[in-house]
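Structure first, commentary second.
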Amino acid sequence: MAPHRINSIETRDVRFALDQGAGSDAVHSGAEYAFATTLLGSDNKVFGTGIVLTLGLGNQLVCEAIELLGRELIGREIEELMSHFGTVAQKLAQHPQLRWLGPHKGVVHLALASLTNACFDLWAKSRGVPLWRLLLDLDPARIVDLLDLSYLEDVLTRDEAKTMLLNEAGSRPDRESILRSGYPGYDTSVGWFQYEDEQVKDLTKRAMAKGFHAFKLKVGSRDGERDVRRAFMLRDLTGADALIMLDANQQWTLPRALAMCEKLRDVSPYFVEEPTHPDDIQAHATLADAIRAVPIALGEHVPNRIMFKNFMQAGAVQIVQVDCTRVAGISEFITVSLLARKFGLRVIPHVGDMGQIHQHLVLFNHIALGHDAEFLECIPHLQPHFVNPAQIENGRYVSSQAPGSSSDLKGVHPGA
61 MAPHRINSIE
71 TRDVRFALDQ
81 GAGSDAVHSG
91 AEYAFATTLL
101 GSDNKVFGTG
111 IVLTLGLGNQ
121 LVCEAIELLG
131 RELIGREIEE
141 LMSHFGTVAQ
151 KLAQHPQLRW
161 LGPHKGVVHL
171 ALASLTNACF
181 DLWAKSRGVP
191 LWRLLLDLDP
201 ARIVDLLDLS
211 YLEDVLTRDE
221 AKTMLLNEAG
231 SRPDRESILR
241 SGYPGYDTSV
251 GWFQYEDEQV
261 KDLTKRAMAK
271 GFHAFKLKVG
281 SRDGERDVRR
291 AFMLRDLTGA
301 DALIMLDANQ
311 QWTLPRALAM
321 CEKLRDVSPY
331 FVEEPTHPDD
341 IQAHATLADA
351 IRAVPIALGE
361 HVPNRIMFKN
371 FMQAGAVQIV
381 QVDCTRVAGI
391 SEFITVSLLA
401 RKFGLRVIPH
411 VGDMGQIHQH
421 LVLFNHIALG
431 HDAEFLECIP
441 HLQPHFVNPA
451 QIENGRYVSS
461 QAPGSSSDLK
471 GVHPGA
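Counting with the working numbering, you get residues 61 to 476 for the letters of the sequence shown.
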């Protein structure tokens with residue numbers, strides 16, 4: 061295997077306009093998705109692509125932070141770099157000046173995520189395999205060496221993480237059939253906040269015809285009765301056996317969340333997502349205790365493993381929506397997935413990457429960590445812009461066979 065040494069770092073501020081109403085929720089009304097994109101060039105003319113999601117304004121700030129953080133990667137050979145990536149990630153996250161802008165959150169942490177994702181993409185491409193195959197071929201010690209487990213020693217040590225992986229090794233063959241059957245998806249694009257009722261109905265019928273039986277509806281209206289009406293509308297349309305997720309995008313106060321969850325109880329939500337402010341652990345714990353039959357899901361705005369640890373310790377989350385474009389990339393995603401396994405919690409990622417990278421990570425979670433194959437969110441709006449777009453057949457993700465993490469964007473490469 062020829063060495064691949066990183067010889068350049070470039071960024072791209074990539075933005076895509078969305079159709080009217082697409083991507084909208086109770087707080088985000090703009091019609092633009094953007095990727096702060098890292099491009100790691102190597103001396104073998106193979107490049108690694110890393111992406112993190114923003115909603116446009118501020119995307120250039122993340123790109124600037126990527127360039128500042130990434131200088132230390134120039135000259136590193138990718139196999140050597142990834143042999144102890146946990147140490148590298150920790151050093152980057154603890155930058156003596158840029159850490160002040162976080163720590164471990166915001167623009168600087170998004171930049172670290174983009175860099176990290178680019179490193180994993182380059183690594184998989186250098187070996188000529190898809191990311192899921194790369195991760196599954198690593199032994200437990202190598203996996204743990206990818207992770208920054210600092211500040212987790214009270215709940216997850218290196219030895220414990222290694223043991224968890226070893227304990228699942230014997231039963232891995234029982235779970236590898238997912239590679240052939242595909243990973244189940246749920247359709248988030250039917251229920252955007254600004255879609256009128258008839259559009260929601262039409263898109264849901266189309267999704268059902270494509271094999272989906274799980275759907276998400278955006279709630280969080282000032283008029284709570286609108287949310288109730290639309291939720292029961294979706295339930296009536298899909299039938300009792302379909303799964304319906306409700307996403308409030310942080311718009312409820314705790315008293316309002318308690319009242320709305322009671323009104324929505326008979327919809328039988330599979331989960332209620334981001335019911336209140338993402339930093340309010342106590343409010344989530346109080347709500348979780350009050351609505352025990354309905355799981356709380358969160359992660360879209362939980363920026364790091366320490367916050368996830370605190371939510372888990374408080375019993376404030378039941379479904380972990382860790383996103384490798386929000387935490388510090390693929391390595392911190394795996395760390396949070398290990399934490400969730402330790403606490404007996406399910407992982408259903410939020411997909412700021414539109415499912416491109418996460419289609420690989422959920423296969424690793426299921427086969428190597430023993431997580432149930434729950435669902436992976438499907439958002440199709442940007443599929444035409446990816447070189448290797450995620451393939452969905454009969455409501456399931458088809459296992460990607462292309463080398464890398466499926467992050468390459470059309471027309472976006474060094475020198476373009």
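C-beta atoms are modelled at their ideal positions from N, C-alpha and C, and glycine is treated no differently.
Straight-line CA distance for residue i to residue j?
| i | j | result |
| --- | --- | --- |
| M305 | V382 | 16 Å |
| V407 | G146 | 22 Å |
| F435 | L133 | 35 Å |
| R159 | A388 | 13 Å |
| R365 | Q373 | 12 Å |
| N454 | D287 | 29 Å |
| E228 | L429 | 6 Å |
| T248 | V260 | 11 Å |
| E124 | F368 | 27 Å |
| A178 | L209 | 21 Å |
| V411 | L239 | 20 Å |
| P355 | G166 | 27 Å |
| A149 | R352 | 37 Å |
| G404 | A376 | 13 Å |
| L191 | A343 | 37 Å |
Can you find the residues in the same chain that come closer than 6 Å, C-beta to C-beta, to residue i, ignoring five residues on each side of it along the sequence?
| i | result |
| --- | --- |
| W183 | I138, M142 |
| R232 | I427 |
| L121 | V167 |
Which residues mark the beginning and the end of the alpha helix (DSSP H) in which residue i is found?
| i | result |
| --- | --- |
| C179 | 166 to 187 |
| K222 | 218 to 229 |
| K402 | 389 to 403 |
| C123 | 119 to 129 |
| F76 | First-last for F76: 66 to 77, but that is the beta strand (DSSP E), not the alpha helix (DSSP H). |
| G284 | 284 to 298 |
| I366 | 365 to 373 |
| I203 | 200 to 205 |
| P315 | 314 to 323 |
| I341 | 341 to 350 |
For residue i, which residues in the same chain have their Cβ closer than 7 Å to its Cβ, ignoring the five residues on either side in sequence?
| i | result |
| --- | --- |
| E127 | I69, T71 |
| T264 | V250, F275, L294, L297, T298 |
| F253 | S84, D85, A86, K278 |
| A201 | K222 |
| D257 | R290, M293 |
Between which two residues does the beta strand (DSSP E) carrying residue i extend?
| i | result |
| --- | --- |
| L113 | 107 to 114 |
| G455 | No beta strand (DSSP E) holds G455; DSSP gives it neither H nor E. |
| I278 | It should be pointed out that residue 278 corresponds to Lys in this sequence rather than to Ile. Start and end: 274 to 278. |
| A267 | Per DSSP, A267 belongs to no beta strand (DSSP E); it is in the alpha helix (DSSP H), 257 to 269. |
| Y246 | 243 to 251 |
| F435 | Unbroken run through F435: none, as it is neither H nor E. |
Please name the residue or residues paired with residue i in a DSSP beta bridge.
| i | result |
| --- | --- |
| L421 | The partner list for L421 (beta bridge, DSSP) is empty, contrary to what the question assumes. |
| Y211 | Answer is none; Y211 lacks a bridge partner. |
Which of helix, strand or coil does DSSP assign to residue i?
| i | result |
| --- | --- |
| K470 | coil |
| M414 | coil |
| C384 | coil |
| I238 | helix |
| F145 | helix |
| V87 | coil |
| R406 | strand |
| P190 | strand |
| I356 | strand |
| L100 | strand |
| D326 | helix |
| I134 | coil |
Spatial neighbours of residue i within its chain, please: CB distance less than 8 Å, with the 5 preceding and 5 following residues excluded, ordered by chain position.
| i | result |
| --- | --- |
| H445 | F76, L469, K470 |
| H361 | Q310, E334, P338, R386 |
| G135 | R65, I66, N67 |
| I452 | G245, K270, C438, P440, V458 |
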